[in-house]
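Here is the structure we will look at.
Protein chains: 2
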Amino acid sequence: MPLGTDYARQDCSLARSLEVVGERWTLLILRDAFFGVRRFSDFQAHLDISKAVLSTRLEALVADGLLSRTGEGHPEYALTHEALGLWPALFALGQWGEQRTTPGRPRRLYRHVGCGEMAGDGRCTTCDVFPAPAAVEVRPGPGADPTLRSDPVSVALREPHRLLEPLLVR
Amino acid sequence: MPLGTDYARQDCSLARSLEVVGERWTLLILRDAFFGVRRFSDFQAHLDISKAVLSTRLEALVADGLLSRTGEGHPEYALTHEALGLWPALFALGQWGEQRTTPGRPRRLYRHVGCGEMAGDGRCTTCDVFPAPAAVEVRPGPGADPTLRSDPVSVALREPHRLLEPLLVR
DNA sequence: CCATTTGGTCTGGTCATCGAACTCAGGCAC
DNA sequence: GTGCCTGAGTTCGATGACCAGACCAAATGG
Numbered sequence: 001m002p003l004g005t006d007y008a009r010q011d012c013s014l015a016r017s018l019e020v021v022g023e024r025w026t027l028l029i030l031r032d033a034f035f036g037v038r039r040f041s042d043f044q045a046h047l048d049i050s051k052a053v054l055s056t057r058l059e060a061l062v063a064d065g066l067l068s069r070t071g072e073g074h075p076e077y078a079l080t081h082e083a084l085g086l087w088p089a090l091f092a093l094g095q096w097g098e099q100r101t102t103p104g105r106p107r108r109l110y111r112h113v114g115c116g117e118m119a120g121d122g123r124c125t126t127c128d129v130f131p132a133p134a135a136v137e138v139r140p141g142p143g144a145d146p147t148l149r150s151d152p153v154s155v156a157l158r159e160p161h162r163l164l165e166p167l168l169v170r
Numbered sequence: 171m172p173l174g175t176d177y178a179r180q181d182c183s184l185a186r187s188l189e190v191v192g193e194r195w196t197l198l199i200l201r202d203a204f205f206g207v208r209r210f211s212d213f214q215a216h217l218d219i220s221k222a223v224l225s226t227r228l229e230a231l232v233a234d235g236l237l238s239r240t241g242e243g244h245p246e247y248a249l250t251h252e253a254l255g256l257w258p259a260l261f262a263l264g265q266w267g268e269q270r271t272t273p274g275r276p277r278r279l280y281r282h283v284g285c286g287e288m289a290g291d292g293r294c295t296t297c298d299v300f301p302a303p304a305a306v307e308v309r310p311g312p313g314a315d316p317t318l319r320s321d322p323v324s325v326a327l328r329e330p331h332r333l334l335e336p337l338l339v340r
């Protein structure tokens, strides 16, 4: 993390995690990456984040080995293997937010591809395993509010799609 | 969250969560609360956080219903039922930090009380359930560095203890 | 080859965070 | 009661982060 965001003298793995993903916007950028967002302008359109901050965050995530940057001209940012391990934490935090704000009316629904629905604890209700992100399909749930955002990225994300699958905008 | 930390126009439960627990220090305060820390000065001693920020964070967490404040003179801050639901997310983030920094040498070990050790995914290796925080015992692991901190709270936390059990310092 | 899009950097102002100093109330020794 | 200590904050000035908007260069599209 840049200045002012280290928790140096904490002997704690949570603090180590937060040094990498604890800054404002960072977890939302990674969530978008799980949902298939790959390009600078798509992150920006979807998150309403200042370009300067987005640029800083992407650079930091690449430096920390969570994103890989490929292509010189218009680069693509993709999650690294290391970043995939964050999925359980991201999912758990999201589920907590659903419970807290609109219990019973989730904004998104998750399926274990070719198997069954996922429960709130992340297990597939059919086979009882915690599916890897590549085997998860997302689609809007009853609590989704399609009037809230109309940018092309949000529209594209409303189609059911697998996690990690690059998003086609337009 | 105070100014500058809302993600207003995001139709996303993760953003809703981060509005409550996404600020600097907030998750570390909650982690300490799970470990049994209850008092202002103990949080401060353990986290090396400025009193002004700690005061602001505790106030916000009480207002958001994650902490309850009891006792007028020297108040105690305890996790509410709502906050207990954060345990899976906190645990997952912590495990990711362990994997990333010192794989195979965890700083802390978790046990399902009266049952068995907990695996990296949070399940008890014996009974295969995800134990509630009150049924979890923490103790230092091989990756712990006892030389890093010597404040009384850190010392007390090195004793094996159950989550949520109020910490006795000194 | 010219216009537009993409992926940025720069800037000035606002907001958050920091450490240090200060306040204020309760507990305790004497 | 007087003085002292500790716990739980609040206040303050300086520093650093964040934001919106202007600007810019390289890549792409026609």
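These protein sequence lines map, in sequence, to chains A and B. Under our numbering, the letters of the first sequence match residues 1 to 170, in that order. Under our numbering, the letters of the second sequence match residues 171 to 340, in that order. Beta carbons are placed, not taken as given, at the ideal position from N, Cα and C, and that holds for glycine. Predicted model only: the values in this text are computed from it and were never measured.
Check                                                                                                                                                                         : Outcome
Using DSSP with H/G/I as helix, E/B as strand and the rest coil, what is V308(B)?                                                                                             : strand
Just verifying my parser: in three-state terms, what is the DSSP assignment at H331(B)?                                                                                       : strand
Leaving aside the five residues before and after G4(A) along the sequence, list all residues of the same chain whose C-beta is less than 6 Å from its C-beta, in chain order. : For G4(A), the predicted structure reports a pLDDT of 48, less than 50, and the residue's modelled location is therefore unreliable. A value from the coordinates is still provided. Closer than 6 Å at Cβ, skipping near neighbours: no residue.
Go ahead and label P2(A) buried or exposed: buried means 16 or more other beta carbons lie within 10 angstroms of its beta carbon, across all protein chains shown.           : In this predicted model, P2(A) has a pLDDT of only 34, less than 50, meaning its place in the structure is not dependable enough to derive any value.
Can you pull out the residues from the region 294–309 of chain B whose beta carbon lies closer than 7 Å to at least one beta carbon of chain A?                               : F300
Go ahead and label S17(A) buried or exposed: buried means 16 or more other beta carbons lie within 10 angstroms of its beta carbon, across all protein chains shown.          : buried
Any idea which residues DSSP pairs A132(A) with across the strands?                                                                                                           : Answer by DSSP bridge pairing: none, since A132(A) is not bridged.
Near C182(B), which residues of its chain fall below 8 Å by C-beta distance, leaving aside the five closest residues on each side in sequence?                                : none
Please report whether the beta-carbon of D11(A) lies at a distance below 9 Å from any beta-carbon of chain B.                                                                 : yes
So, for V339(B): in the same chain, excluding its five sequence neighbours on each side, which residues have a beta-carbon less than 7 Å away from its beta-carbon?           : D212, P322, V323, A326
Any residues in the region 100–122 of chain A with a beta carbon nearer than 7 Å to a beta carbon of chain B? Which ones, in chain order?                                     : R100, T101, R107, D121
Flag R149(A) as yes if its beta-carbon sits less than 9 Å from any beta-carbon of chain B, otherwise no.                                                                      : yes
If the cut is a Cβ gap below 7 Å, which residues of chain B does E98(A) touch?                                                                                                : S183
Would you call the CB atoms of L93(A) and L79(A) closer than 9 Å?                                                                                                             : no
With a threshold of 9 Å between beta carbons, is L338(B) in contact with chain A?                                                                                             : no
Which value, in whole angstroms, describes the spacing of the CA atoms of C285(B) and L333(B)?                                                                                : 15 Å
Using C-beta distances below 8 Å, list every residue in its chain close to T272(B), excluding the 5 sequence neighbours before and after it, in chain order.                  : G313
At a Cβ cut of 8 Å, what residues of the region 53–78 of chain A count as close to chain B, listed as they run along the chain?                                               : none
In whole angstroms, what separates the C-alpha of A253(B) from that of G104(A)?                                                                                               : 18 Å
What residues in the region 29–43 of chain A bring their beta carbon closer than 8 Å to a beta carbon of chain B?                                                             : R31
If the cut is a Cβ gap below 7 Å, which residues of chain B does P152(A) touch?                                                                                               : Result: empty, since nearest Cβ-Cβ is about 15 Å, beyond 7 Å.
Classify G104(A) as helix, strand or coil using the three-state DSSP reduction.                                                                                               : coil
DSSP state of G174(B), grouped into three classes?                                                                                                                            : Only weak support is given to the placement of G174(B): the predicted model assigns it a pLDDT of 47, under 50, and the value that follows is read from those uncertain coordinates. In this structure, G174(B) counts as coil in the three-state DSSP scheme.
With DSSP as the reference, identify every bridge partner of G286(B), one or two as the case may be.                                                                          : H282(B)
Please confirm if P330(B) has its CB atom under 9 Å from at least one CB of chain A.                                                                                          : no
Any C-beta of chain B sitting closer than 9 Å to the C-beta of S17(A)?                                                                                                        : yes
Would you mind telling me which residues of chain A sit closer than 7 Å to L263(B), beta carbon to beta carbon, in chain order?                                               : L14, S17, A89
Could you have a look at E242(B) and say whether DSSP puts it in helix, strand or coil?                                                                                       : coil
Does any residue of chain B have a CB that is nearer than 9 Å to the CB of L164(A)?                                                                                           : no
Is it buried or exposed, D48(A), if we count other Cβ atoms within 10 angstroms and call 16 or more buried?                                                                   : exposed
Who are the neighbours of L84(A) on chain B, taking C-beta pairs under 9 Å?                                                                                                   : Within 9 Å Cβ-Cβ: nothing; L84(A) doesn't reach chain B, min ~10 Å.
Let's test the definition: count the other Cβ atoms within 10 Å of the Cβ of V299(B) and tell me whether it reaches 16, buried, or not, exposed.                              : exposed
Under 9 Å Cβ-Cβ, which residues of chain B neighbour A144(A)?                                                                                                                 : D181
Give a yes or no on whether the minimum CB-CB distance between V155(A) and chain B is below 9 Å.                                                                              : no
Measure the Cβ-Cβ separation of Y247(B) and V232(B) and say whether it is below 9 Å.                                                                                          : yes
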